[in-house]
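K.L.:
Numbering (our numbering), first residue to last: 171 to 371. Have a look at this one before I ask anything.
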Amino acid sequence: MIPLFHDFDGKQVLIFGGGLVAARKAALFAPEADVIVRSREFIDRFSKIDCRCIRTDIDPDLAAQYVDSAFLVIPATDDQPLNDRLAEAANAVGALVNRVDEIGETVTPSVISGDHVTVGFSTGGASPAVSKYLRRRLEDEIEAIDPMVALQSELRETVGNVPESERRAFLWAVLEDDRIRSALRDGDWDRARTLAEAHRP
């Protein structure tokens, strides 16, 4: 598999199932996509997710009709033959399919997401526990480095006319300065900028 970040703005994500796994998928995509969830029943967690819940029986004979406008289909029912039918219908119309009951063609990784940095971990379905373990080990580190991205972007705009080798050395010096990272962790942007200026070529 090849890692790929995709913009889901305006895309329809269709989820089948109203349990915990379906809710987690809905929560993942709801901030960006148009999420529709079909199920006979929904757990309470769905009331806190910005998605459209359609309470209905899922008829396998209507699978093609359900998925007609979907960009991504997530069969998350507890009925594997039904999930198979839904996945087949999605494939037939060219929609992506994210299986939750087996390894499929599209995998949603374990994610650390800050304001400026997003990191995903996947074992291709072989060990979800390892993906979660890596996420937990690195969450604090990613959170700490996240504001550095904003500072680096700001500084890059000010050194456009500097020779590339000097510009690169400057930005790396800022990145590796523990005092600057500490100031950013404390939210002290004035101090971070002052310390960064000391490295300017």
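Beta carbons: idealized from backbone N, C-alpha and C, even for Gly.
Report yes if the C-beta distance between alanine 200 and cysteine 221 is below 7 Å; otherwise report no.
P.N.:
Cβ distance < 7 Å, so alanine 200 and cysteine 221 count as in contact.
K.L.:
What did DSSP end up calling isoleucine 315 once you bin it into helix, strand or coil?
P.N.:
Helix at isoleucine 315.
K.L.:
With proline 230 and phenylalanine 186 assumed to form a contact (beta carbons below 8 Å), what rounded beta-carbon distance in angstroms separates them?
P.N.:
That pair is no contact at about 10 Å.
K.L.:
From this set, Asp254, Asp249, Arg337, Ala265, which residue's C-alpha is nearest valine 243's C-alpha?
P.N.:
Residue Ala265 is the option with its Cα nearest to valine 243.
K.L.:
Run through DSSP, which three-state label would aspartate 204 get?
P.N.:
Aspartate 204: strand per DSSP, three-state reduction.
K.L.:
For arginine 355 versus alanine 314, is the C-beta spacing smaller than 7 Å?
P.N.:
A contact, by the Cβ cut-off of 7 Å.
K.L.:
Ordered along the chain, which non-local residues of its own chain (more than five positions away) have a Cβ less than 8 Å from that of valine 277?
P.N.:
So the list reads Met171, Asn268, Ser292, Gly294, Gly295, once near-sequence residues are dropped.
K.L.:
Considering only their Cβ atoms, is the gap separating aspartate 316 from aspartate 271 smaller than 7 Å?
P.N.:
Contact: no.
K.L.:
Could you check what DSSP says for serine 292 in three-state terms: helix, strand or coil?
P.N.:
Looking at serine 292 - three-state DSSP - the assignment turns out to be coil, as it is neither helix nor strand.
K.L.:
Count the other C-beta atoms from every protein chain shown that fall within 10 angstroms of the C-beta of alanine 233, then say buried if there are 16 or more, exposed otherwise.
P.N.:
Alanine 233 comes out buried.
K.L.:
Pull up the distance between the alpha-carbon of valine 329 and that of leucine 184, whole angstroms please.
P.N.:
The straight-line gap from Cα to Cα measures roughly 46 Å.
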